[in-house]
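Peer 1: In this note's numbering, the protein residues as written are 235 to 522.
Built from N, CA and C at the ideal position, the CB exists for glycine as well.
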C-alpha cells in the first residue's frame, strides 16, 4: 500500500498536528474505529451527546481535527461524528479512492451502518461536500438532511481556474518561505486576510508532508441525485475559484429536488461564516 505521506517523519508530524488541533476544540471527545470493505475508518465523537447525531466530512488534504475547529459552532447543539476521510491525512487507512465514480459514497454509506445508524444528518465542506454528494446519490435514504458548504461534486470549475495559486505554491516548495503559503491561501480566500495560525499550520503540513490530491470528487449525475428527497442546504462562495456560486447554486437547484441555497457574498473558497450564517445552518439542521 502506497503511503499518502511523503515520508515516515512527515506522517509523524501530521498526526502530531492532528492531536494538537484536536485538543484545541476544548470539548471532550472519543475515538471510534470501524471496519469497512474499503479499509479501517476513524471518527471523532464529540459535541452534545443529548443532541441529534451529525456526521461531518472534512475538506481535502486536510484533517477532521482542523475541521472541528471550523465547526465549533455546532458542538453545543449536535452529537458530532467527525470522520477521517479514507486516504486523506488522519487516522483512517491510507487507501485512496477514485475521485470519479461513487466509491466515496459507498464508503460513507458503510460508515453510517458501522456507527449504528439507519439514517443520520450530514455536513460536508469542499472535498467532504463532494463525498456527501456521492453519498446522497448512493444511499439517499441514509441522509436525514444535509448541509453542503462550498462543495465539490455539484458543478466544479474547470481546473485552469485554480492554476494561478500554483505559482506561489511552487515558490514555497523551492524556498520554504512561509510568506508564499499565505499568498497561495489568499487566492482561495478572494484576498481576505483570514489566515489564522491553525489554518497556516494545516496548509504548511499539507504542502510539506502530504502527497497532495488535486482531483476533487467529480460532478454527480442528475438522475442519481434526483432520487434524494430529503432537505439539503447548499452554501457556495461568490468568488470561489474551485466551486463558484454561480455554477454550484444553479446546478444544485436543477439536480436536488428539495434544496435551499445561499450565496456567501464576496467570499472565496476559504472563508469565515458570520454568526448569522452559522445560526442559519444550526436552525436548518434542527428543523423538524
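Would you identify the three-state DSSP class for residue 370, choosing helix, strand or coil?
Peer 2: Correct three-state label for residue 370: helix.
Peer 1: Can the beta-carbon of residue 498 be found closer than 9 Å to that of residue 384?
Peer 2: For residue 498 and residue 384, yes; Cβs fall inside 9 Å.
Peer 1: Can you grab the Cα-Cα spacing for the pair residue 470 / residue 268, in whole Å?
Peer 2: Taking the straight line joining both Cα atoms gives about 32 Å.
Peer 1: If I measure Cβ to Cβ from residue 273 and keep anything under 6 Å in the same chain, skipping five residues before and after, which residues do I get?
Peer 2: Only 320, 327, 329 meet the Cβ criterion.
Peer 1: With DSSP as the reference, label residue 355 as helix, strand or coil.
Peer 2: It is a strand residue.
Peer 1: Span of the alpha helix (DSSP H) holding residue 248?
Peer 2: That run of the alpha helix (DSSP H) goes 242 to 257.
Peer 1: Look at residue 294 and residue 447 and say whether their C-beta atoms are less than 9 Å apart.
Peer 2: Yes, the Cβ-Cβ distance between residue 294 and residue 447 is below 9 Å.
Peer 1: Are the beta-carbon atoms of residue 458 and residue 372 separated by less than 9 Å?
Peer 2: Yes, the pair counts as a contact, with Cβ atoms nearer than the cut-off.
Peer 1: Does the Cβ-Cβ distance between residue 315 and residue 279 come in under 9 Å?
Peer 2: Closer than 9 Å, so yes.
Peer 1: Between which two residues does the alpha helix (DSSP H) holding residue 483 run?
Peer 2: Note, residue 483: alpha helix (DSSP H), 479 to 489.
Peer 1: Please give the ranges of any alpha helix (DSSP H) in the segment 270 to 331, keeping only runs that are unbroken, at least 4 residues long and fully inside the region.
Peer 2: Segments of the alpha helix (DSSP H) lying fully in the segment 270 to 331: 298 to 304.
Peer 1: Run through DSSP, which three-state label would residue 384 get?
Peer 2: Of the three classes helix, strand and coil, the one that applies to residue 384 here is coil, per DSSP.
Peer 1: Between which two residues does the alpha helix (DSSP H) holding residue 418 run?
Peer 2: Per DSSP, residue 418 belongs to the alpha helix (DSSP H) from 413 to 422.
Peer 1: Going by alpha carbons, who is nearest to residue 492 out of 467, 479, 504?
Peer 2: That would be 467, whose Cα lies nearest to the Cα of residue 492.
Peer 1: Residue 334 and residue 486: beta carbons closer than 9 Å?
Peer 2: No.
Peer 1: Taking buried to mean at least 16 other C-beta atoms within 10 Å of its own C-beta, is residue 260 buried or exposed?
Peer 2: Exposed, since its Cβ has fewer than 16 Cβ neighbours within 10 Å.
Peer 1: For the segment 298 to 312 against the segment 412 to 422, do three or more pairs of beta-carbon atoms, one drawn from each stretch, fall closer than 8 Å, so that the two count as touching?
Peer 2: The segment 298 to 312, when compared against the segment 412 to 422, does not touch it at the 8 Å Cβ threshold.
Peer 1: With residue 388 and residue 367 assumed to form a contact (beta carbons below 8 Å), what rounded beta-carbon distance in angstroms separates them?
Peer 2: With 8 Å as the limit, residue 388 and residue 367 qualify as a contact, their Cβ atoms being about 6 Å apart.
Peer 1: Work out the CA separation of residue 415 and residue 332 for me, nearest whole Å.
Peer 2: The alpha-carbon atoms of residue 332 and residue 415 are separated by roughly 27 Å.
Peer 1: If residue 374 and residue 462 are in contact, beta carbons under 8 Å, what's the gap, nearest whole angstrom?
Peer 2: Yes, they are in contact, since the Cβ atoms of residue 374 and residue 462 sit about 4 Å apart, within 8 Å.
Peer 1: Report the CB separation of residue 479 from residue 472 in whole angstroms; it is logged as a contact under 8 Å.
Peer 2: Between residue 472 and residue 479 the Cβ distance is about 5 Å, and since that is below 8 Å, they are a contact.
Peer 1: Nearest to residue 298 by CA position, among 277, 438, 474, is which residue?
Peer 2: Nearest C-alpha to residue 298: 277.
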